[in-house]
Amino acid sequence: MSKYIEQIKKLVSLQEIDTELIQLKNRMEEAPRHLENLQNELKNLEEQKYHIEERVKLLSEQKKKLQSDIDQDGDKIKKSKNKLMMVSNTKEYHAMMREMDNLEKLNRFREEELNNLLEDLQAQQAKKEELNNQFQSLQDELATTQATLDSELQQIQERIQELENDREKACADVPVPILSRYNFIKDRLHNPVIVSVRQSVCTGCFISIPPQSFVEIQKGEQILSCPNCQRLIYWEEHYSGNPQ
Ligand SMILES: [Zn+2]
1 MSKYIEQIKK LVSLQEIDTE LIQLKNRMEE APRHLENLQN ELKNLEEQKY
51 HIEERVKLLS EQKKKLQSDI DQDGDKIKKS KNKLMMVSNT KEYHAMMREM
101 DNLEKLNRFR EEELNNLLED LQAQQAKKEE LNNQFQSLQD ELATTQATLD
151 SELQQIQERI QELENDREKA CADVPVPILS RYNFIKDRLH NPVIVSVRQS
201 VCTGCFISIP PQSFVEIQKG EQILSCPNCQ RLIYWEEHYS GNPQ
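With the UniProt record's numbering, letter number 232 in the sequence shown gets 232, and the count goes up by one each step, no holes.
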């Protein structure tokens, strides 16, 4: 194998390592996003839960107050009815009747209010229960996702470490000026850095290289760059791109 082909082969190996590294790093960034979404959903539910619990508490207090008012005035009405038997004064009798009447009206009004309130309370409690169930299942899902994510991230991290080691070895094989060129392009362009030329078309930018460059690349003497995208290029017939 000529020195030129050997260098191309090494650069392509380096490229394969870098491509996998980029993919893994992207996955590491994206993987926690699902978890974040679940966490936001859970927070949202927690807020809803809080509001409904406050509402249930308020309604329960109102219910207690209404019931105690109804009981108190009910007692008053009962007592007045007993007293009424003993009143001989007509004026007093009418005054008491009027008061009883008012209390009875008030209590009827309160009973109505209580009924509405009980309906509302029942609906809120059903909602609360539903929210609690949702919250519970979301919490379970979050725990499972968290566990899977941790092991997935661990695996990715291990593979990255492996690749970083491979990369170091691969770099050691490439002459410094060529490696500098590779790294220079890597820092400035979208992956990949080195691509093949297939029938005079650069497979990095899919634009034909000029005929003169095509003749030059076929000679296989020096590593050329695509005049359009600046990526390193090699003729596909020189090297299949499979380092194995
Ligand atoms: Zn190109």
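Where a beta carbon is used, it is the ideal one built from N, C-alpha and C, also for glycine.
Suppose the cutoff is 8 Å on Cβ atoms and the five residues either side in sequence are ignored; what does the same chain contact list for residue i look like?
{"i": "Q7", "result": "V174, P175, I178 and I223"}
{"i": "E141", "result": "L38"}
{"i": "K49", "result": "K128, L131, N132 and F135"}
{"i": "V201", "result": "I207, S208 and I209"}
{"i": "R167", "result": "L14, I17, D18 and L21"}
{"i": "E30", "result": "none"}
{"i": "V56", "result": "L121, Q124, Q125 and K128"}
{"i": "P211", "result": "S200"}
{"i": "P243", "result": "At P243 the pLDDT is 43, less than 50, meaning the model places this residue with poor confidence; the figure from the coordinates comes in the next sentence. Same-chain partners within the cutoff: K9, V12, S13 and E16."}
Taking DSSP's pairing of strands, which residues face residue i in a bridge?
{"i": "I233", "result": "V195 and L224"}
{"i": "C202", "result": "V197"}
{"i": "S68", "result": "S68 is not bridged to any residue."}
{"i": "S213", "result": "Beta-bridge pairing links S213 to no other residue."}
{"i": "S137", "result": "In the DSSP output, where bridge partners are listed per residue, S137 has none listed."}
{"i": "S208", "result": "V201"}
What residues in its chain sit with their C-beta under 7 Å from that of residue i, if we drop five residues either side in the sequence?
{"i": "E113", "result": "L66"}
{"i": "G204", "result": "P192, V195, C226, C229 and R231"}
{"i": "D69", "result": "R110"}
{"i": "Q134", "result": "L45"}
{"i": "S2", "result": "G220"}
{"i": "I156", "result": "L24, R27 and M28"}
{"i": "E152", "result": "A31"}
{"i": "T145", "result": "H34, L35 and L38"}
Let's test the definition: count the other Cβ atoms within 10 Å of the Cβ of residue i and tell me whether it reaches 16, buried, or not, exposed.
{"i": "V215", "result": "exposed"}
{"i": "K43", "result": "exposed"}
{"i": "N107", "result": "buried"}
{"i": "I207", "result": "exposed"}
{"i": "Y93", "result": "exposed"}
{"i": "S13", "result": "buried"}
{"i": "Q15", "result": "buried"}
{"i": "residue 290", "result": "A query on residue 290 cannot be resolved here, the shown segment of the chain reaching from 1 to 244 and no further."}
{"i": "E237", "result": "exposed"}
{"i": "K25", "result": "exposed"}
{"i": "K79", "result": "exposed"}
{"i": "M97", "result": "exposed"}
{"i": "M86", "result": "exposed"}
{"i": "L11", "result": "buried"}
{"i": "R181", "result": "buried"}
{"i": "K9", "result": "buried"}
Thinking residue i and residue j are a contact (beta carbons under 8 Å), I'd like their distance in whole angstroms, please.
{"i": "L38", "j": "L117", "result": "In fact, because the Cβ distance is near 36 Å, the residues do not count as touching under 8 Å."}
{"i": "A170", "j": "I17", "result": "6 Å"}
{"i": "Y239", "j": "I217", "result": "Incorrect: roughly 11 Å between the Cβ atoms, too far for contact."}
{"i": "L138", "j": "E41", "result": "6 Å"}
{"i": "L35", "j": "I160", "result": "No, L35 and I160 are not in contact; Cβ-Cβ is about 20 Å, not under 8 Å."}
{"i": "L103", "j": "K76", "result": "6 Å"}
Quick one: does the C-beta of residue i sit closer than 7 Å to a heavy atom of ligand 2?
{"i": "S200", "result": "This structure simply doesn't include ligand 2; it includes ligand 1 instead."}
Sorted by chain position, which residues of the same chain lie with C-beta nearer than 6 Å to residue i's C-beta, five sequence neighbours on each side aside?
{"i": "E164", "result": "none"}
{"i": "K63", "result": "L117"}
> Hey, which residues come within less than 5 Å of ligand 1, measuring from Cβ to any heavy atom, in chain order?
Replying inline: C202, G204, C205, C226, N228 and C229
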